[in-house]
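Step one of this worksheet: look at the structure below.
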Amino acid sequence: DQQVKQNSPSLSVQEGRISILNCDYTNSMFDYFLWYKKYPAEGPTFLISISSIKDKNEDGRFTVFLNKSAKHLSLHIVPSQPGDSAVYFCAASLSGGYQKVTFGIGTKLQVIP
Amino acid sequence: DTGVSQDPRHKITKRGQNVTFRCDPISEHNRLYWYRQTLGQGPEFLTYFQNEAQLEKSRLLSDRFSAERPKGSFSTLEIQRTEQGDSAMYLCASSPGGLAYEQYFGPGTRLTVT
Chain B
68 DQQVKQNSPS LSVQEGRISI LNCDYTNSMF DYFLWYKKYP AEGPTFLISI
118 SSIKDKNEDG RFTVFLNKSA KHLSLHIVPS QPGDSAVYFC AASLSGGYQK
168 VTFGIGTKLQ VIP
Chain C
564 DTGVSQDPRH KITKRGQNVT FRCDPISEHN RLYWYRQTLG QGPEFLTYFQ
614 NEAQLEKSRL LSDRFSAERP KGSFSTLEIQ RTEQGDSAMY LCASSPGGLA
664 YEQYFGPGTR LTVT
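These protein sequence lines are chains B and C, in that order.
Residue numbers for the first sequence follow my numbering, beginning at 68 and rising by one.
Residue numbers for the second sequence follow my numbering, beginning at 564 and rising by one.
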């Protein structure tokens, strides 16, 4: 049962353009969402998050949008840089307890110089 | 202390052998998690510690798996009688607790069972 879905396994974008990575979830009880970035041979690195009470959170070149009614979130990277090439994982968490995180399968982003 | 460390980074073992992995979390973090990641998948939750107490185990964690966190510091994950299906990347993460949702991951231990 894949509660967090990333339906695009890969994405290629030209340097300087916008990268949009999408994520859908099925569990309406999720109330906190995170994006992680992973380079080869490294563990995932936290990138940006958003609470379910918000619909947008921005941090520099990275913006996450949340559409609760559609159970959809997206990560926008503007402008894209070659160093952004990595696997991006969408993740979701329930409130309370220890905030167990459920991950999607990831989207591999390639930014072409 | 700049992050979560894991040892070893790579482990090759023969089927049926026991292996043990170590994780050292960020020192002030009281929550520690183990995940398993296979090719083409995201990290899958295995178990969680709050200080030294193991509070949840995934059904993915069979009886051959055991994890400890003595004194609430480092943690070990042991796999007994390894099987080829155990081949994966084993990731450890820690978080400070409270309302912090962000988890900080180590580099992982890649296990290959031949």
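We put the beta carbon where it would ideally sit given N, CA and C, even for glycine.
Across the structure, B:Asn124 and C:Phe637 are spaced so that their CA atoms are roughly 34 Å apart. Chain-ordered, the chain C residues with CB closer than 9 Å to the CB of B:Gly171 read Gly605. Under the Cβ criterion (8 Å, minimum of three pairs), the stretch 83-100 of chain B counts as touching the stretch 143-161 of chain B. Take C:Arg673, set aside five residues on each side of it, and the residues of its chain with a beta-carbon closer than 6 Å to its own are His573 and Met652, in chain order. By the C-beta density criterion, C:Gly669 is buried, having at least 16 other C-beta atoms within 10 angstroms. Around the beta-carbon of C:Gly603, fewer than 16 other beta-carbon atoms lie within 10 Å, marking it exposed. Taking the beta carbon of C:Glu591 as reference, no residue of chain B falls within 7 Å; the closest one sits roughly 16 Å away. Contact between C:Tyr664 and B:Ser116 holds, with the beta-carbon distance rounding to 6 Å and staying under 8 Å. B:Leu140 is positioned such that its CB atom lies no closer than 8 Å to that of B:Lys121.
With respect to the 8 Å criterion, C:Gln569 and C:Gly671 are classified as neighbours on the basis of their beta carbons. Against chain B, a Cβ distance below 9 Å from C:Leu624 picks out nothing, because the smallest value is about 14 Å.
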